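Q:
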Ligand code: GLY
Ligand code: MN
Ligand code: MN
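Residue numbers (the numbering used here): 120 to 556.
1. For ligand 3, any of its heavy atoms closer than 7 Å to the Cβ of residue 530?
2. Is it a yes or a no for the stretch 499–509 touching the stretch 269–289, going by three-plus beta-carbon pairs under 8 Å?
3. May I ask you to verify whether the stretch 470–490 touches the stretch 280–292, counting CB pairs closer than 8 Å and requiring at least 3?
4. Within 10 Å of its beta-carbon, does residue 262 have 16 or more other beta-carbons around it, so buried, or fewer, so exposed?
5. Three or more C-beta pairs closer than 8 Å, one from the stretch 236–248 and one from the stretch 195–205: is that the case here?
6. Note down, one range per segment and in chain order, each beta strand (DSSP E) of at least 3 residues found wholly within the stretch 151–190.
7. How would you write the range of the beta strand (DSSP E) that residue 222 sits in, first residue to last?
8. Looking only at its own chain, which residues have a Cβ that is under 6 Å from the Cβ of residue 167, when we skip the five neighbours before and after it?
9. Determine whether the beta carbon atoms of residue 407 and residue 363 lie at a separation below 8 Å.
10. Between the C-alpha atoms of residue 158 and residue 175, what's the straight-line distance to the nearest angstrom?
11. Using CA coordinates, which residue listed in 466, 465, 344, 439 is at the minimum distance from residue 453?
12. Inspect the beta-carbon positions of residue 420 and residue 311 and report whether they are closer than 8 Å.
13. Taking just the CA atoms, how far does residue 313 sit from residue 333?
14. Can you tell which of 336, 402, 340 has its C-alpha closest to the C-alpha of residue 352?
15. Can you grab the Cα-Cα spacing for the pair residue 214 / residue 223, in whole Å?
16. Can you tell me which of 282, 335, 365 puts its alpha carbon nearest to the alpha carbon of residue 320?
17. Could you give the first and the last residue of the continuous alpha helix (DSSP H) run that contains residue 325?
18. Do residue 178 and residue 220 have their C-beta atoms within less than 8 Å of each other?
19. Closest to residue 230 by CA distance: which of 306, 206, 218, 264 is it?
20. Cβ-heavy atom distance between residue 391 and ligand 3 below 7 Å?
21. Compare the C-alpha of residue 149 against each of 143, 142, 162 and name the closest.
22. Are the beta-carbon atoms of residue 379 and residue 303 separated by less than 8 Å?
23. Can you tell me the Cα-Cα spacing of residue 513 and residue 486, whole angstroms?
24. Does DSSP put residue 381 in a helix, a strand or coil?
25. Tell me whether residue 525, by its Cβ, gets closer than 7 Å to a heavy atom of ligand 1.
26. From this set, 160, 169, 152, which residue's C-alpha is nearest residue 120's C-alpha?
27. Going by beta carbon distance, what residues of the same chain come within less than 6 Å of residue 360, once the five residues before and after it are set aside?
28. When you compare the CB positions of residue 557 and residue 181, do they come within less than 8 Å of one another, or not?
29. Enumerate in chain order the residues of its own chain whose CB-to-CB distance from residue 515 is below 7 Å, with the five nearest sequence positions on each side excluded.
30. Provide the residue span of the alpha helix (DSSP H) that contains residue 125, from first to last.
31. What is the DSSP secondary structure of residue 361, counted as helix, strand or coil?
32. Please classify residue 266 as buried or exposed, where buried requires at least 16 other C-beta atoms within 10 Å of its C-beta.
33. How many Å lie between residue 471 and residue 295 at the Cα?
34. Hey, would you say residue 253 sits closer than 8 Å to residue 183, going by beta carbons?
35. Short check: CB of residue 381 to CB of residue 520, under 8 Å?
36. How is the alpha helix (DSSP H) around residue 393 delimited, first residue to last?
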């Protein structure tokens, strides 16, 4: 992402924070996996959105109108030993030269410097409740400023939600952000197609996961947006199945929910396909209902449409489907009113997508479902899951789970499916799988 993009975001934030106020946001910490080994570092999305700074032990402060600089970055000092063992890091000079900070201080000095920055500020924009240690420190810093009141210094009186303003910004994606999301989507779609081509009865779920990882990493994207779900047969009914350890059986379906990140932007795709390469009649019938539900949901996506319309459309179609498949009995309107479909369709049709797979942004404003706007990105992912022990279901539907998930951009005139390259129709999937490797 170009530097100008981060500069624009900071300028927008400074304007929203307003003169006389201050905003503080910390980066992510490096999480320990086990002795001497850390999890791969992933910067906090809010922090990265504003700074593009990808190191641990960092904290950014924004002070509109401050003469010595509006953007102050606390980070690790440059350490040649650390550079030798762990590689490049910005240091204080890099923070200014490469990341656009007006001033940079060692993170070790944050306790000393931050109270000065809080002097004579009215409101502190801060993501309260994310890091209890930092919450306590902030109160201590404010307390220290309060003690100076007799020398004419005023301390902040209000805390405001930084997340609220930041998340409204993040909800609407810029062209640069969409460029990264398109790439995450394209590589993820290629990985799904690769998995379809590779799949054979008798393989193990982890071998299919390896195909996904191969596609991601060989295209230069090494961080998954969330742990890949590779769920054969009834495992597809476990919504967050990540064991990926079972053997794939001829005649079963395989549900894959997997997406990669491109420079901190996620894709989130689900495809469900037959292990053998051919759907049975019963599987096909159920699959077509889920596909129809997705089409009905997509048809509700356009600027000005309320968030819930897509979900409600998916519920209507899936309830019809459940009647057709013999999984529910009665009048559709009653079944919807009584939420009987929830036994087989227990999640919502989608969520915001962006730097976080379940991205930030309110779904309701003042108690009303939010209206879609161009630049928002969401997933559309209806599904049907028939538990293996569902005695009311026909035998060939028991233990079948189907979800179809795409990533969708709201455009000026409607929508664009960012993940359209992942094969989806029965004919497309069967043709690809039969073509083989
Ligand atoms: N992969 C997480 C989700 O679909 O919401
Ligand atoms: Mn999703
Ligand atoms: Mn998903």
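Yeah, the Cβ is synthetic: ideal placement off N, Cα and C, and Gly gets one too.
Values in this document were obtained by computation on a predicted structure and should not be read as measured data.
A: A quick look at the data gives this:
1. Taking the chain shown and counting its residues from 1, one reaches residue 530 at position 411. Answer for residue 530: no, Cβ out of range of ligand 3.
2. No: fewer than three Cβ pairs fall under 8 Å.
3. Contact between the stretch 470–490 and the stretch 280–292 is present: three or more C-beta pairs spanning the two stretches fall below 8 Å.
4. Locating residue 262 in the chain shown gives position 143, where the first residue counts as 1. When all chains shown are included, residue 262 counts as exposed.
5. Contact fails between the stretch 236–248 and the stretch 195–205, because fewer than three Cβ pairs, one in each stretch, are under 8 Å apart.
6. Runs of the beta strand (DSSP E) inside the stretch 151–190: 151–153, 178–181.
7. Within the chain shown, the letter at position 103 stands for residue 222. Start and end: 222–225.
8. By 1-based counting over the chain shown, the position of residue 167 is 48. Within its own chain, the residues whose Cβ lies closer than 6 Å to the Cβ of residue 167, once the five positions on either side in sequence are excluded, are 383, listed in chain order.
9. Taking the chain shown and counting its residues from 1, one reaches residue 407 at position 288. Taking the chain shown and counting its residues from 1, one reaches residue 363 at position 244. No, Cβ-Cβ distance for residue 407 and residue 363 is not below 8 Å.
10. As a first step, residue 158 is located in the chain shown; it is residue number 39 there, counting from the start. As a first step, residue 175 is located in the chain shown; it is residue number 56 there, counting from the start. In this structure, the alpha-carbon of residue 158 lies about 12 Å from that of residue 175.
11. The count along the chain shown starts at 1 and reaches residue 453 at position 334. Of the listed residues, the one whose Cα sits closest to residue 453 is 439.
12. Sequence index remark: in the chain shown, residue 420 carries index 301 (1-based). Sequence index remark: in the chain shown, residue 311 carries index 192 (1-based). Going by beta carbons, residue 420 and residue 311 fall outside the 8 Å limit.
13. Along the chain shown, one-based indexing puts residue 333 at 214. Along the chain shown, one-based indexing puts residue 313 at 194. Approximately 9 Å, taken between the alpha carbons.
14. Position 233 of the chain shown holds residue 352. It is 402 whose Cα lies nearest to the Cα of residue 352.
15. Taking the chain shown and counting its residues from 1, one reaches residue 214 at position 95. Taking the chain shown and counting its residues from 1, one reaches residue 223 at position 104. When only Cα atoms are considered, residue 214 and residue 223 end up about 6 Å apart.
16. Position 201 of the chain shown, counted from the first residue, corresponds to residue 320. Out of 282, 335, 365, 365 has the C-alpha closest to the C-alpha of residue 320.
17. Position 206 of the chain shown, counted from the start, is the residue given in the question as residue 325. Segment 324–337, the alpha helix (DSSP H) holding residue 325.
18. By one-based count along the chain shown, residue 178 stands at place 59. By one-based count along the chain shown, residue 220 stands at place 101. With respect to the 8 Å criterion, residue 178 and residue 220 are not classified as neighbours on the basis of their beta carbons.
19. To locate residue 230, count along the chain shown from 1; it is residue 111. When only C-alpha atoms are compared, the closest one is 264.
20. Counting from one through the chain shown, the residue named residue 391 turns up at place 272. For ligand 3, not one heavy atom lies less than 7 Å from the Cβ of residue 391.
21. What you label residue 149 is simply residue 30 of the chain shown in a count that begins at 1. Cα-wise, what sits closest to residue 149 is 162.
22. If you number the chain shown from 1, residue 379 lands on position 260. If you number the chain shown from 1, residue 303 lands on position 184. Yes, the pair counts as a contact, with Cβ atoms nearer than the cut-off.
23. Counted from its first residue, the chain shown places residue 513 at position 394. Counted from its first residue, the chain shown places residue 486 at position 367. Going from the Cα of residue 513 to the Cα of residue 486 covers about 41 Å.
24. For this step, residue 381 is matched to residue 262 along the chain shown. Correct three-state label for residue 381: strand.
25. As a first step, residue 525 must be located in the chain shown, where it is residue number 406. Residue 525 has its Cβ no nearer than 7 Å to any heavy atom of ligand 1.
26. Counting from one through the chain shown, the residue named residue 120 turns up at place 1. Taking only the C-alpha atoms, the option nearest residue 120 is 169.
27. The residue labelled residue 360 in the question sits at position 241 within the chain shown. Answer for residue 360: 348, 350, 354, listed in chain order.
28. Here the chain covers residues 120 to 556 and nothing more, so residue 557 does not appear.
29. Here residue 515 refers to the residue found at position 396 when the chain shown is read from its first residue. Here residue 515 has 399, 401 as same chain residues with Cβ atoms under 7 Å from its own Cβ, once five neighbours each way along the sequence are excluded.
30. In the chain shown, residue 125 corresponds to position 6, counting from 1. Where residue 125 is concerned, the enclosing alpha helix (DSSP H) starts and stops at 122–136.
31. Against the chain shown, residue 361 aligns to sequence position 242. Here residue 361 sits in coil by DSSP.
32. On the chain shown, residue 266 is found 147 positions in, with the first residue counted as 1. It is exposed - the Cβ of residue 266 has fewer than 16 other Cβ atoms within 10 Å.
33. Translated into the one-based positions of the chain shown, residue 471 becomes position 352. Translated into the one-based positions of the chain shown, residue 295 becomes position 176. Rounded to the nearest whole angstrom, the CA to CA distance from residue 471 to residue 295 is 18 Å.
34. Within the chain shown, the letter at position 134 stands for residue 253. Within the chain shown, the letter at position 64 stands for residue 183. The beta carbons of residue 253 and residue 183 sit no closer together than 8 Å.
35. Locating residue 381 in the chain shown gives position 262, where the first residue counts as 1. Locating residue 520 in the chain shown gives position 401, where the first residue counts as 1. In this structure, residue 520 does not lie closer than 8 Å to residue 381 by Cβ.
36. As a working mapping, residue 393 is identified with position 274 in the chain shown. It is not in any alpha helix (DSSP H) - residue 393 instead sits in the beta strand (DSSP E) that spans 388–393.
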